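Okay, so here's the structure we're looking at.
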Ligand code: UGA
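In the working numbering, the protein residues as written are 125 to 564.
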């Protein structure tokens, strides 16, 4: 089979490479000649474990091609996937669909044979219907089948998520679209992956409802963490205790500084706007958005309190600034609120992140970038963990303690074993670890 993948961002590039792994002939198209040139040379514009090898392998096998030209990519394609960005529109929280529609218009202009056009970008409910109308207007002469195939992959484990998904959701309205998508995902039958065929609206909503539910789950455990601190309970044990109930599940119950990233913040807002447009109140999601925003600011207070209420003139080491580990992505990262707020209170910040520096340099002016955690901690009055990179788990705490000026350790990802940190001489504050008795 043959497909064209429009957009070589995160979703497009990973999906393109993974479809090639399924044996499909893929051409990834992007308007940016810079990006395509980079990919042609085997360089990957984003950090994602395993992606470089996968792309290199299928490029060498001739199954994965890159082009700035859409017309040749469309030739003989069984399906065209739209995987362009849908950022939050400035000012109103709606998803910005201009890239989706300009891609669709271009497809309509250039297409010469019947095909299936699939949205893989996260698009609000009703977009498939709008695309259907657009194609009817622009190409009444041609059979264009519209479908929705939302993506659930996570940054940092995207390839595994694509190749071994919990489920695949396909919104279709014609038999042809159903057949093409079923054929593309056939390799997943081997591992008995459920493939759900739904209407287009349902598939579009499954995506937003999934992300909003996961954001809700995180926000729920974050509030329970606050209560744990107040009553002397341990949120990790509470999470395990509730998560072992199969109806709840153990995943996405790690308390922290609030969710970030390119998806949850954007998709929760977009779902709220969809609700408003249709006169449906989504009060739970509305509250989740507000609680999560407030949480990032609350974390600033937590750090300041741990440092005795005053940070002016103090030196703070920050370990991790990306929104989660195994990515260089800084979008909506809690660090973007917490770091500037500490700077505004007069603290001097020394930062280390294994992958975040390139992006971080643009977004976090005025911090000192360090080559590793020890360098960041040298002479620091306090150390704050914002992202749970694995390298932090293996930190030699005794060595770290000998380097810092002050013993305050604020672990907003519960990376460290509190007892070990306390034994090494730190004054430990975690999230929701109310059962830890601080030592003076
Ligand atoms: C998320 C979803 O998990 C994917 O299924 C989805 O495909 C993707 O959005 C998308 O819509 O494209 P991603 O944003 O890469 O993936 O990252 P997650 O691993 O979901 O983490 C999101 C945020 O929640 C991070 O800031 C993370 O630190 C936070 N989080 C996650 C917690 O605070 N606690 C948890 O238990 C889990």
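All C-beta atoms in this analysis are idealised placements derived from N, C-alpha and C, irrespective of residue type, glycine included. All figures in this text were calculated on a predicted structure; none of them were measured in a lab.
- Close CB contacts of residue 242 within its chain, under the 6 Å cut and outside five residues either way in sequence, are with 203, 205, 271, 273 (chain order).
- In the structure shown, residue 352 adopts helical secondary structure according to DSSP, grouped into three states.
- Per DSSP, reduced to three states, the secondary structure at residue 484 is helical.
- A heavy atom of the ligand UGA is found nearer than 7 Å to the CB of residue 391.
- For the 8 Å CB-CB criterion, residue 158 and residue 168 do not form a contact.
- Of all C-beta pairs linking the stretch 385-392 to the stretch 451-460, three or more are shorter than 8 Å, placing the two stretches in contact.
- Within its own chain, the residues whose Cβ lies closer than 8 Å to the Cβ of residue 472, once the five positions on either side in sequence are excluded, are 437, 438, 439, 440, 492, listed in chain order.
- The closest heavy atom of the ligand UGA lies less than 7 Å from the beta carbon of residue 386.
- Secondary structure of residue 266 (DSSP, three-state): coil.
- When 516, 208, 347 are compared, the shortest CA-CA separation from residue 442 is found for 516.
- In the displayed model, residue 272 falls within a strand according to three-state DSSP.
- Of 519, 339, 323, the smallest CA-CA separation from residue 252 is found for 323.
- About 6 Å separates the CB atoms of residue 480 and residue 452; that is less than 8 Å, so the two are in contact.
- Sixteen is the threshold: when 16 or more other Cβ atoms of the shown chains lie within 10 Å of the Cβ of residue 172, as they do, the residue is buried.
- A Cβ-Cβ distance of about 11 Å is found for the pair residue 228 and residue 194, leaving them out of contact under the 8 Å criterion.
- The ligand UGA has a heavy atom closer than 7 Å to the beta-carbon of residue 279.
- Segment contact: the stretch 366-374 against the stretch 426-437, fewer than three CB-CB distances shorter than 8 Å; contact not assigned.
- Straight through space, the alpha carbons of residue 184 and residue 522 are spaced by roughly 48 Å.
- A check of alpha carbon separations from residue 355 across 363, 142, 558 identifies 558 as the nearest.
- Straight through space, the alpha carbons of residue 533 and residue 349 are spaced by roughly 18 Å.
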